[in-house]
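One structure is given here, and the rest of the page talks about it.
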Amino acid sequence: MFPFASFTTPLLILALALIIDFLFGDPPDKVHPTVWMGKIIAFLKPKLKNREPKIEKINGFLLCLLTIIIFVFPAHLLLNFIQQNLGLVAYIIVAAIILKPTFALKCMEHYTLPIAKAVEEGKTSEAKLLLPYIVRRNPDELDEKQVISAAVESIAEGTVDGVTSALFYFALFGVPGAIAFRVINTLDSMVGYKDLEHANIGWFSAKLDTIVNYIPARLTALLMVTAAWILQKNWKKAWRTLNSDRRKTESLNAGWPMATMAGALNIRLEKPNFYILGDEKSNNPTPKNIPQALQIMKLTTILFATLIVPLILILATTIL
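Its first residue numbered 17, the sequence shown is counted upward by one per residue in my numbering.
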């Protein structure tokens, strides 16, 4: 007999988490688990630094493992206790509340729409001040179209590492899986660099982040093409650009959603001195492309939640 509880309960948790995101967005920084993750990483990092590269690489593995344990283990114990002692309804509510901070859908709108508004009003310098909240590149070196491009690229890439990857690992391993992913992604954003300070301590986190995003990035890009079709964007060009430009980025994963987004909106996305996504016939990005990209992000998330997550749950409950 098909275990319906194992299938329906995660879907109810996910639905409630998405409703919480829609209504309230992210919790304040003081109580946001991702902020706590950053503080733990910042605390552990100097203690695990070492002059010997091999030892520091081992410590980089320990940094990742310890941070995952610190956040995943208590959440697992708490949810297990609630499920066994307080009943299914309490479990679903608490699980949804804990799941919500592992993905960030509404907050992308919070950070990017003001950039579009500032550029529309001719306040490019103001838009540049907002850009560091969503991208790492130096905004002072960017012109207006490159500022917009950075915002659209962030929305496209954030669809994967900010939302769908967390949903993917929630479907596979429950709330602890989503938390583990968020820890890995936070580690990558803090120590996953190739400079002298982070090359050894952050190597494992960077590699693991690439691995865990590998499948979700590809699934998300395909769903973005579908979203472009539903929203009457240029889905054919989204497919062509996905196939032609996805390998132009240094990241194995980022090029998939970004190239797809460039094609869907028929624009050129550019990170100066690194890549240009979109052909010569594509338009330069304009402020209106930011809300359009957010529409694609939201619909892609809905498609992922209603198609991919249930499919994974069916496979998991059937096989296991």
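C-beta: ideal position from N, C-alpha, C; glycine also. The structure displayed is predicted, hence computed values, not measured ones.
Cβ-based neighbour list, residue i, same chain, cut-off 6 Å, excluding 5 preceding and 5 following
i, result
"residue 303", "132, 135, 136"
"residue 119", "179, 182"
"residue 184", "232"
"residue 159", "none"
"residue 244", "251, 254, 280"
"residue 11", "This structure cannot speak to residue 11, because the chain is shown only from 17 to 336."
"residue 103", "none"
"residue 35", "none"
Pair within 7 Å by beta-carbon distance, residue i and residue j
i, j, result
"residue 76", "residue 219", "yes"
"residue 301", "residue 312", "no"
"residue 165", "residue 151", "no"
"residue 280", "residue 314", "no"
"residue 87", "residue 180", "no"
"residue 177", "residue 200", "no"
"residue 191", "residue 115", "yes"
"residue 175", "residue 316", "yes"
"residue 236", "residue 273", "yes"
"residue 162", "residue 266", "no"
"residue 123", "residue 42", "yes"
"residue 269", "residue 229", "yes"
"residue 264", "residue 291", "yes"
"residue 340", "residue 50", "Lying before the first or after the last residue shown, residue 340 is absent from the chain, which here runs from 17 to 336."
"residue 95", "residue 37", "no"
"residue 112", "residue 33", "yes"
"residue 5", "residue 110", "Beyond the ends of the chain as shown, which are 17 and 336, falls residue 5; an answer cannot be given."
Span separating the alpha-carbon of residue i from that of residue j
i, j, result
"residue 194", "residue 125", "22 Å"
"residue 139", "residue 130", "11 Å"
"residue 298", "residue 305", "13 Å"
"residue 29", "residue 68", "45 Å"
"residue 48", "residue 117", "7 Å"
"residue 262", "residue 293", "8 Å"
"residue 147", "residue 289", "18 Å"
"residue 210", "residue 79", "17 Å"
"residue 101", "residue 189", "21 Å"
"residue 221", "residue 333", "30 Å"
"residue 197", "residue 84", "9 Å"
"residue 223", "residue 108", "33 Å"
"residue 259", "residue 240", "13 Å"
"residue 40", "residue 70", "45 Å"
"residue 238", "residue 325", "15 Å"
Close beta carbons around residue i, own chain, < 7 Å, minus the five adjacent residues each side
i, result
"residue 91", "114, 191, 192, 195"
"residue 247", "311, 312, 315"
"residue 106", "98"
"residue 213", "none"
"residue 271", "261, 262, 263, 264, 265"
Other residues of its chain near residue i: CB distance less than 8 Å, five sequence neighbours each side excluded
i, result
"residue 329", "22, 23, 26, 27, 187"
"residue 65", "72, 75, 217"
"residue 144", "155, 156, 158, 163"
Entirely enclosed alpha helix (DSSP H) segments - the segment 101-147, minimum 4 residues: 104-115, 122-136, 140-146
Evaluate the contact criterion for the segment 155-165 versus the segment 264-277: three or more CB pairs, one atom per stretch, below 8 Å. no
Say whether the segment 54-72 touches the segment 206-223, bearing in mind that this needs 3 or more beta-carbon pairs closer than 8 Å, one atom from each stretch. yes
Output the residue ranges of the alpha helix (DSSP H) runs that lie fully inside the segment 178-225 and measure 4 residues or longer, sorted by chain position. 181-207
Pick out the complete alpha helix (DSSP H) segments inside the segment 303-331, 4 residues or longer, and give them in chain order. 305-319
Quick one: complete alpha helix (DSSP H) runs, 4+ long, within the segment 31-69? 49-64
For the segment 214-300, which segments carrying the alpha helix (DSSP H) assignment without a break, of at least 4 residues, lie completely within its bounds, in sequence order? 219-246, 251-261, 271-281
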